[in-house]
Each structure stands twice: as C-alpha cells, then as structure tokens.
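Student: So that we are looking at the same thing, I have put the structure below in structure tokens.
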Amino acid sequence: MIKNVIWYAALLAIALVTIAVQTDRQSRRTPAIAASVPEPFRSAAQLPVAAYAVAGDNHSVALAEAEKLVRRRPLPAEHLRVLAQAQILAGDVAGSSLSIQYAAQRGWRDPLAQETMLRLALEAGDTSEAARRYAALFLRRDTEDALLLELGPPVLEEAGGEGRQTLIGIVGGGDRWHNQFLGRGARVMPADAFVEIVGTTISNGTAYECRLLEQALRSVNNRDEAAGADFDAILKEEC
Numbered sequence: 011m012i013k014n015v016i017w018y019a020a021l022l023a024i025a026l027v028t029i030a031v032q033t034d035r036q037s038r039r040t041p042a043i044a045a046s047v048p049e050p051f052r053s054a055a056q057l058p059v060a061a062y063a064v065a066g067d068n069h070s071v072a073l074a075e076a077e078k079l080v081r082r083r084p085l086p087a088e089h090l091r092v093l094a095q096a097q098i099l100a101g102d103v104a105g106s107s108l109s110i111q112y113a114a115q116r117g118w119r120d121p122l123a124q125e126t127m128l129r130l131a132l133e134a135g136d137t138s139e140a141a142r143r144y145a146a147l148f149l150r151r152d153t154e155d156a157l158l159l160e161l162g163p164p165v166l167e168e169a170g171g172e173g174r175q176t177l178i179g180i181v182g183g184g185d186r187w188h189n190q191f192l193g194r195g196a197r198v199m200p201a202d203a204f205v206e207i208v209g210t211t212i213s214n215g216t217a218y219e220c221r222l223l224e225q226a227l228r229s230v231n232n233r234d235e236a237a238g239a240d241f242d243a244i245l246k247e248e249c
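Numbering (this note's numbering), first residue to last: 11 to 249.
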C-alpha cells in the first residue's frame with residue numbers, strides 16, 4: 011500500500027514538473043501565461059515576467075525580476091537590455107549604462123541596444139562608433155525609416171567625416187547588402203551623404219547594378235536636387 015502511494019506520488023510529481031516545464035516553454039509564444047509558471051521553473055518565462063514588471067509602477071520589483079532574469083540566463087543581449095531599463099528606472103544610471111554596453115556588444119541585432127549605444131556614442135563624440143550602430147539598425151528590416159531619418163544627420167552630417175568614412179568601409183565590404191543599401195539609403199540617409207558614399211565606394215571598386223542606381227537617383231532627386239545632380243553625374247560615368 012505504501013509503495014503504491016509513493017509510486018503515485020512520484021508520478022504526480024513528475025507530471026507537475028512536466029507541466030511546469032512545458033508551460034515555461036510555451037510562454038515564448040504566449041507571454042501572457044508566463045506569470046502562471048511556478049517561480050522555480052521559470053526560464054523562458056522570466057523574460058516576459060521581467061518585461062511586465064519593467065512596464066509597471068514598482069521599480070524595485072522590476073529591478074529584482076530583471077536581475078533574476080540575468081542570473082538565470084545571462085547571455086542573451088535582450089536580457090541585459092531589460093536589466094538596463096530596470097536599472098535606469100531604479101535610479102542606477104551608471105549600472106544601466108554598463109548593462110546597455112554589454113547588451114550592445116553581445117547582440118548587434120537588438121535594436122534598442124543599438125539605438126542607445128548610437129546616442130551614447132554621439133554624446134561622447136565617437137562618430138565612427140555611432141556610424142557602426144547606425145549600420146546595424148539600417149540592416150534590420152524592422153527598423154522604422156523614421157528612426158533612420160532622425161539619426162542619419164548627426165551621424166553623417168560632415169562631408170568626408172568619420173561617420174561617412176566608416177559607412178564607406180562597411181558598404182564597400184558588404185556585397186550582400188548593396189541592393190538594400192541603394193534602395194533604403196536613398197530614402198533615409200542625408201542625400202549628400204548617400205551620394206558621397208555611393209561615389210566613393212564606386213571609386214574604390216564596388217560595382218552596383220545600374221538599374222538600382224537609376225531607381226536610387228529618382229529617390230535622391232525627389233529629396234535634394236543638388237545631390238541628385240551629383241548622383242546623376244556618377245550614374246552617367248558608371249553606367
């Protein structure tokens with residue numbers, strides 16, 4: 011009898027653990043159920059729990075949940091970014107700055123971390139680093155054009171400056187994203203900066219499709235006639 015009780019108790023414990031683990035995994039797709047995962051079993055569920063706490067009014071709880079998230083899963087950049095948000099809400103500016111720097115180093119695909127690092131780089135006068143972060147945002151298809159339009163001028167305002175030179179190096183060395191650069195860059199970058207980057211990369215040996223250059227010319231002309239004239243001269247020479 012006792013053996014049967016122990017056996018059924020063990021089966022029940024295994025079932026409960028299995029349910030908790032499966033619920034934790036499901037929380038990746040359904041964040042709303044994250045809070046229902048028992049605290050000791052939260053792995054994936056800890057991210058939405060921390061994110062909800064950060065969005066709330068209790069900053070000490072938000073910080074505790076974010077710290078717990080990073081202790082359990084310290085590698086993902088998104089987790090460090092959530093910690094940085096919680097730290098700034100709790101008044102820990104220095105800690106937040108350090109966390110967002112670590113997040114940006116680990117995850118170039120985390121848009122908020124890249125935007126934050128770009129703004130920090132501009133404040134520090136490091137235009138080259140700001141340009142690298144701009145490129146990371148530019149390459150993300152889900153980055154809104156409005157953000158790139160806002161950030162482009164302070165990063166690329168100086169003709170021949172560090173920001174433009176950094177992007178010239180990145181664009182010239184990235185054959186796989188030339189099409190995206192021409193299509194999007196003509197829309198969101200300062201027109202004269204875009205023309206300088208295209209012209210210099212062509213001089214350095216980069217080959218663009220003439221059809222795409224012609225499409226980019228129309229976009230540039232619509233935004234800046236003077237830059238369009240310079241771009242037209244490049245197009246005629248190249249194509």
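Don't be surprised by glycine CBs; every beta carbon is placed ideally from N, CA and C.
Keep in mind it's a predicted model, so treat the numbers as computed, not measured.
Can you check which of these residues, Ala94, Val205, Gln56 and Gly215, is closest to Gly182 by C-alpha distance?
Tutor: In the sequence shown, counting from the first residue as 1, residue 182 sits at position 172. Looking at the Cα atoms, Gly215 is the closest of the given residues.
Student: Apart from the five residues just before and just after Gln95, which ones in its own chain have a Cβ nearer than 6 Å to its Cβ?
Tutor: Looking up residue 95 in the sequence shown gives position 85. Hits under 6 Å: Val64.
Student: Below 8 Å, can you find three or more Cβ-Cβ pairs linking the stretch 88–105 to the stretch 135–143?
Tutor: The stretch 88–105, when compared against the stretch 135–143, does not touch it at the 8 Å Cβ threshold.
Student: Would you call the CB atoms of Tyr144 and Leu128 closer than 8 Å?
Tutor: What you label residue 144 is simply residue 134 of the sequence shown in a count that begins at 1. What you label residue 128 is simply residue 118 of the sequence shown in a count that begins at 1. Yes, these two residues count as a Cβ contact at 8 Å.
Student: Could you check if Ala156 is buried or exposed, using at least 16 other CB atoms within 10 Å of its CB as the buried criterion?
Tutor: Taking the first residue of the sequence shown as 1, we reach residue 156 at position 146. With fewer than 16 Cβ atoms within 10 Å of its Cβ, Ala156 is classed as exposed.
Student: Using 10 angstroms around the beta-carbon of Glu206, count the other beta-carbons present and answer buried if the total reaches 16, otherwise exposed.
Tutor: On the sequence shown, residue 206 is found 196 positions in, with the first residue counted as 1. So Glu206 counts as buried.
Student: So Thr210 is in the alpha helix (DSSP H); what residue range does that whole segment cover?
Tutor: Here residue 210 corresponds to residue number 200 of the sequence shown, with the count starting at 1. Where Thr210 is concerned, the enclosing alpha helix (DSSP H) stretches over Ala201 to Ser213.
Student: Measuring CB to CB, does Leu93 end up less than 8 Å from Ser109?
Tutor: Position 83 of the sequence shown holds residue 93. Position 99 of the sequence shown holds residue 109. In this structure, Ser109 lies closer than 8 Å to Leu93 by Cβ.
Student: Ends of the alpha helix (DSSP H) at Pro163?
Tutor: Taking the first residue of the sequence shown as position 1, residue 163 is located at position 153. Here the alpha helix (DSSP H) through Pro163 covers Asp155 to Leu166.
Student: Just to confirm the assignment, what range does the alpha helix (DSSP H) spanning Gly182 have?
Tutor: For the purposes of this step, residue 182 is identified with residue 172 of the sequence shown, where counting begins at 1. First-last of the alpha helix (DSSP H) with Gly182: Glu172 to Gly182.
Student: Please classify Arg91 as buried or exposed, where buried requires at least 16 other C-beta atoms within 10 Å of its C-beta.
Tutor: Your numbering for residue 91 matches position 81 in the sequence shown. So Arg91 ends up on the buried side.
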